[in-house]
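A.B. asks: The structure under discussion is supplied below as structure tokens; questions concerning it will follow.
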Ligand SMILES: [Zn+2]
Ligand SMILES: [Zn+2]
Ligand SMILES: [Zn+2]
Ligand SMILES: [Zn+2]
């Protein structure tokens with residue numbers, strides 16, 4: 001399968017590694033209820049204005065962790081981001097997600113909302129099918145007119161530091 | 162404030178009622194944590210092919226119900242839809258949401274996902290600001306490339322009746 | 323099947339009605355993923371110090387509403403409480419839940435947390451199996467040492483009105 | 484502050500390390516909405532019947548990651564467990580949680596439910612206050628009569644492998 005034409009600033013090597021890590025993350029899923037394993041991977045942006053090429057890139061993976069109480073479970077993308085944020089990352093160059101589907105699976109709305117707190121509207125989201133076929137869009141395309149921190153923080157009486 | 166030019170099939174009277182119910186639903190919010198009351202209203206589609214004009218329309222409202230454990234809370238749109246679905250409604254002509262914001266607040270990603278299970282991509286979503294100013298888009302515009310029942314049901318080994 | 327010996331202040335007629343409404347609420351579930359319908363019913367407490375016997379009791383039902391994105395779904399108990407709260411109820415005399423299980427199904431932890439925001443520790447929770455067999459415990463027994471509003475509100479800098 | 488008398492099988496050194504990691508995990512929280520940082524730490528059980536003392540213990544930490552859409556956020560305990568499970572851990576010797584509270588903060592119901600999928604009823608849960616004061620109970624005490632995998636898996640027609 002061919003990589004997308006537009007890698008949104010990633011190098012071919014970064015894309016290849018992101019793809020490999022995302023596909024293999026599926027095997028860490030705990031999904032006895034849906035039997036629908038999903039893998040995810042975030043590429044953390046280098047801190048500040050450091051050149052990406054000069055900086056060792058950090059890849060943080062995740063997979064879905066389901067629960068007998070379905071609403072209590074956590075999707076792959078949110079597992080990856082919760083890991084990344086509590087590891088100190090606050091900016092990201094790309095998100096990728098993979099499922100054993102015929103056409104590339106997209107993040108659910110809850111995950112789009114969760115990553116939107118930290119990720120820019122122009123961050124690419126790479127979506128893989130079971131053969132490794134890929135479609136890429138930006139987060140802004142997946143969650144237009146989004147609800148975010150600006151709506152809540154800095155309001156009168158809503159100061160939060 | 163002017164209604165949107167495109168009412169997406171609603172009559173002016175239906176739009177006016179939807180707006181009024183959505184704005185007043187805000188007052189039923191329980192939001193001691195965010196102090197951000199949100200109101201929502203669904204207009205249930207008449208069953209089958211009955212003409213909308215001939216059928217008494219059903220409006221189902223909701224508001225946000227927060228919790229000391231923030232992730233346990235429920236947004237206004239999901240309250241309205243959970244009510245509607247357990248009242249037997251399965252098709253909807255419109256969703257509306259209102260918040261005390263300067264510009265119309267949009268549904269969070271989790272709510273877009275929740276309503277997507279039942280609502281068509283061309284269903285209008287009317288969003289109101291604190292003055293009653295309105296913006297309207299379709300659900301498909303708010304949640305493009307969505308993840309839905311088709312991806313899970315009817316899979317090999319995923320039969321669910 | 324026999325009612326529990328301790329009805330926790332409900333009259334036999336109230337218990338019978340609560341049971342009937344809870345069992346029949348199961349039929350309103352939307353659960354194509356789990357095929358595990360759950361029904362729930364809240365008995366709203368009469369406002370203020372009005373005697374229960376003198377006041378018409380209000381029963382609010384709910385059922386589970388699942389989603390292709392499993393974590394986005396809502397359980398029966400939370401559907402019922404979100405309805406009740408946005409209808410203006412703030413105090414409850416009983417919660418009941420029913421599932422098609424051999425032994426009475428209990429609320430998941432997320433639902434225990436959600437109802438704890440409004441319900442007293444000594445509120446009874448009636449749990450029914452598929453034959454209508456019943457076990458009753460209090461909310462405090464289901465969620466001991468709970469995390470609640472007291473921990474968050476009224477803190478220094480956490481004023482919320 | 485004194486450690487609890489009953490360490491539930493942990494060595495004093497393991498408890499000391501668990502405490503230190505849990506308290507310092509708080510500093511990784513992203514909580515601009517609640518301003519209520521929570522830290523959590525899981526002690527993974529050594530695989531199989533290996534003696535704990537002989538095996539290097541694995542500690543996995545987490546913190547709360549909030550979202551402008553409050554219900555979309557993830558608590559500290561769930562962050563830690565989602566990390567641990569997707570790292571391959573399936574059994575745990577202890578969970579610990581810490582908050583800047585006067586009395587030790589307990590896990591919310593949603594987190595009790597999430598960890599119950601993997602953790603035994605007799606697993607200890609250590610809860611710390613802002614001074615490091617500690618209370619310990621078992622998971623079974625925090626979530627009695629719990630709803631778990633047994634209720635869903637292995638049902639007739641509910642086979643999931
Ligand atoms: Zn998701
Ligand atoms: Zn929402
Ligand atoms: Zn539940
Ligand atoms: Zn929690």
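Protein chains in written order, with this note's numbering: chain A, 1 to 161; chain B, 162 to 322; chain C, 323 to 483; chain D, 484 to 644.
Ideal Cβ placement from N, Cα and C applies to all residues, glycine included.
Computed from a predicted model, the values in this text were never measured in an experiment.
In the structure shown, what three-state DSSP assignment does residue 293(B) receive?
C.D. replies: In this structure, residue 293(B) counts as coil in the three-state DSSP scheme.
A.B. asks: Contact check, residue 360(C) vs residue 407(C) under 8 angstroms by CB: the rounded distance?
C.D. replies: Not a contact, Cβ separation roughly 19 angstroms.
A.B. asks: Name the two residues that bound the continuous beta strand (DSSP E) containing residue 39(A).
C.D. replies: Residues 38-44.
A.B. asks: Just to make sure I have the definition right: I need the residues of chain C whose C-beta is within less than 7 angstroms of the C-beta of residue 176(B). Which are they?
C.D. replies: Result: empty, since nearest Cβ-Cβ is about 22 angstroms, beyond 7 angstroms.
A.B. asks: What residues from chain C crowd round residue 589(D), counting only those whose CB sits closer than 8 angstroms?
C.D. replies: Simply 467, 468, 469.
A.B. asks: If you measure from each CB to the nearest heavy atom of ligand 4 and keep those under 7 angstroms, what residues do you get, in chain order?
C.D. replies: Those satisfying the condition are, in chain order, 230(B), 232(B), 558(D), 560(D), 561(D), 590(D), 591(D), 593(D), 594(D).
A.B. asks: Along the region 390-412 of chain C, what residues have a CB closer than 7 angstroms to any CB found in chain D?
C.D. replies: If the cut-off is 7 angstroms between Cβ atoms, the region 390-412 of chain C has nothing near chain D.
A.B. asks: Which residues in chain D have a C-beta closer than 8 angstroms to the C-beta of residue 195(B)? List them in chain order.
C.D. replies: By Cβ distance, chain D contributes 516, 553.
A.B. asks: May I ask you to report which of helix, strand or coil DSSP gives residue 641(D)?
C.D. replies: For residue 641(D), the pLDDT reaches just 45, beneath the cut-off of 50, and the residue's location in the model is therefore unreliable, leaving the point undetermined.
A.B. asks: Rounded to whole angstroms, what is the Cα-Cα separation between residue 285(B) and residue 262(B)?
C.D. replies: About 20 angstroms.
A.B. asks: To which residues does DSSP link residue 541(D) through a beta bridge?
C.D. replies: Its beta-bridge partners are 527(D).
A.B. asks: Is the region 217-234 of chain B in contact with the region 490-504 of chain D, if contact means three or more CB pairs nearer than 8 angstroms?
C.D. replies: Flag = no, the region 217-234 of chain B and the region 490-504 of chain D do not touch.
A.B. asks: List, in order along the chain, the chain D residues whose C-beta lies closer than 8 angstroms to that of residue 311(B)?
C.D. replies: Neighbours of residue 311(B) on chain D: none; closest Cβ ~20 angstroms, over 8 angstroms.
A.B. asks: Can you name, in chain order, every residue of its own chain whose Cβ lies under 8 angstroms from the Cβ of residue 191(B), other than the five neighbours on each side?
C.D. replies: Excluding sequence neighbours, residue 191(B) sits near 224, 225, 226, 227.
A.B. asks: Got a sec? Which residues, its chain only, sit under 7 angstroms from residue 108(A) by beta carbon, not counting five neighbours each side?
C.D. replies: So the qualifying residues of the chain are 75.
A.B. asks: Looking at C-alpha atoms only, which residue of 410(C), 470(C), 457(C) is the closest neighbour of residue 438(C)?
C.D. replies: Ranking the options by Cα distance to residue 438(C), first place goes to 470(C).
A.B. asks: So what's residue 351(C) in DSSP terms, helix, strand or just coil?
C.D. replies: The answer is coil: DSSP assigns residue 351(C) none of H, G, I, E or B.
A.B. asks: How long is the line joining the alpha carbons of residue 570(D) and residue 578(D), rounded to whole angstroms?
C.D. replies: Cα to Cα, the separation comes out at about 16 angstroms.
A.B. asks: Would you mind listing the alpha helix (DSSP H) stretches within the region 560-604 of chain D that are 4+ residues and don't spill past its ends, in chain order?
C.D. replies: 592-599, all fully within the region 560-604 of chain D.
A.B. asks: Quick one: list the residues of chain A neighbouring residue 611(D), beta-carbon separation under 7 angstroms, in chain order.
C.D. replies: Residues of chain A passing the Cβ test: none, with the nearest at roughly 17 angstroms.
A.B. asks: Where do the ends of the alpha helix (DSSP H) carrying residue 464(C) lie?
C.D. replies: Segment 461-464, the alpha helix (DSSP H) holding residue 464(C).
A.B. asks: Quick check: residue 251(B) and residue 272(B), are their CB atoms within less than 7 angstroms of each other?
C.D. replies: Not in contact: residue 251(B) and residue 272(B) (Cβ atoms no closer than 7 angstroms).
A.B. asks: Please state the DSSP three-state secondary structure of residue 285(B).
C.D. replies: Looking at residue 285(B) - three-state DSSP - the assignment turns out to be strand.
A.B. asks: To which residues does DSSP link residue 224(B) through a beta bridge?
C.D. replies: The partner list for residue 224(B) (beta bridge, DSSP) reads 200(B).
A.B. asks: Within 7 angstroms of any Cβ in chain B, is that where the Cβ of residue 140(A) sits?
C.D. replies: It does not: the Cβ of residue 140(A) has no partner Cβ on chain B nearer than 7 angstroms.
A.B. asks: Given this structure, state the Cα-to-Cα distance separating residue 395(C) from residue 587(D), to the nearest angstrom.
C.D. replies: Rounded to whole angstroms, residue 395(C) to residue 587(D) spans 31 angstroms at the Cα level.
A.B. asks: Taking 7 angstroms as the CB-CB limit, is residue 20(A) close to chain B?
C.D. replies: It does not; no Cβ of chain B falls within 7 angstroms.
A.B. asks: Would you decide whether residue 421(C) is buried or exposed? Buried here means 16 or more other CB atoms lie within 10 Å of its CB.
C.D. replies: Result: buried.
A.B. asks: Residues of chain B with a CB under 8 angstroms from the CB of residue 592(D): which are they?
C.D. replies: Here the neighbours are 230, 233.
A.B. asks: Taking residue 119(A) as the reference, give the member of 130(A), 129(A), 132(A), 138(A) with the closest Cα.
C.D. replies: Measuring from the Cα of residue 119(A), the nearest candidate turns out to be 138(A).
A.B. asks: When the Cα atoms are used, what is the spatial distance from residue 8(A) to residue 114(A)?
C.D. replies: Rounded to whole angstroms, residue 8(A) to residue 114(A) spans 21 angstroms at the Cα level.
A.B. asks: Rounded to whole angstroms, what is the Cα-Cα separation between residue 22(A) and residue 527(D)?
C.D. replies: Roughly 25 angstroms between the two C-alpha positions.
A.B. asks: Could you check if residue 335(C) is buried or exposed, using at least 16 other CB atoms within 10 Å of its CB as the buried criterion?
C.D. replies: Exposed.
A.B. asks: Quick one: is residue 634(D) buried, meaning 16 or more other Cβ sit within 10 Å of its Cβ, or exposed?
C.D. replies: Its Cβ being crowded by 16 or more others within 10 Å, residue 634(D) is buried.
A.B. asks: Expressed to the nearest angstrom, what Euclidean distance is found between the alpha-carbon atoms of residue 2(A) and residue 41(A)?
C.D. replies: Each residue's Cα considered, the two are about 19 angstroms apart.
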